[in-house]
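Here's the structure we're looking at; comments come further down.
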Amino acid sequence: MARRKFQTLTEPMFYILMSLQKTDRCGIDISAYIAQKSAGRVALGPGTLYALLGDFEHEGIINCIGVEGKRKIYRISELGRSLYAEELNRLKRCISDAEGGDDNE
-14 MARRKFQTLT EPMFYILMSL QKTDRCGIDI SAYIAQKSAG RVALGPGTLY
36 ALLGDFEHEG IINCIGVEGK RKIYRISELG RSLYAEELNR LKRCISDAEG
86 GDDNE
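Residue numbers are given in the working numbering: position 15 of the sequence shown equals residue 0, and the series is strictly consecutive.
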């Protein structure tokens, strides 16, 4: 179900998964990573962020690996890594198509 539901990731979804590629993070750290990485271009409000984290966790894309105080620590699953890699490749193909121009020009 997760592959179909998340066949094409939104920009915030993509950045959440990007933030978890190399390290586990809590929601606040995910938000800070996204703001820094996108130079503020991608802004996630707490409601959107935690709704997406909940959806990802429910679908097995990420896992909560612990709680520190009130903070849940998330880790990307193999399914999440696969979805991220597929989306990254899709975006690279889009860029390649755009930079290649139109053969009919």
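Using N, Cα and C, we set each Cβ at its ideal position, and we do this for glycine too.
These numbers were taken from a predicted model, which means no experiment stands behind them.
Cα separation between D40 and L34?
Spanning the two alpha carbons is a distance of roughly 10 Å.
Can you find at least 3 beta carbon pairs, one from the segment -1 to 11 and one from the segment 52 to 70, that sit closer than 8 Å?
Two segments are said to touch when three or more pairs of C-beta atoms, one from each, lie closer than 8 Å; by this definition the segment -1 to 11 touches the segment 52 to 70.
Run through the DSSP bridge pairs and tell me what K55 is partnered with.
K55 pairs with nothing; no bridge assigned.
Taking the Cβ atom as the reference point for each residue, do I47 and S62 lie within a distance shorter than 8 Å?
I47 places its beta carbon less than 8 Å from that of S62.
Can you name, in chain order, every residue of its own chain whose Cβ lies under 8 Å from the Cβ of K7, other than the five neighbours on each side?
Closer than 8 Å at the Cβ level, and outside the excluded window around K7, lies no residue.
For R26, which residues from the same chain have a beta carbon less than 6 Å from its beta carbon, with the 5 sequence-adjacent residues on both sides left out?
There are no such residues.
Does the beta-carbon distance from I80 to C11 come in below 8 Å?
Here I80 is not near C11, since their CB atoms are 8 Å or more apart.
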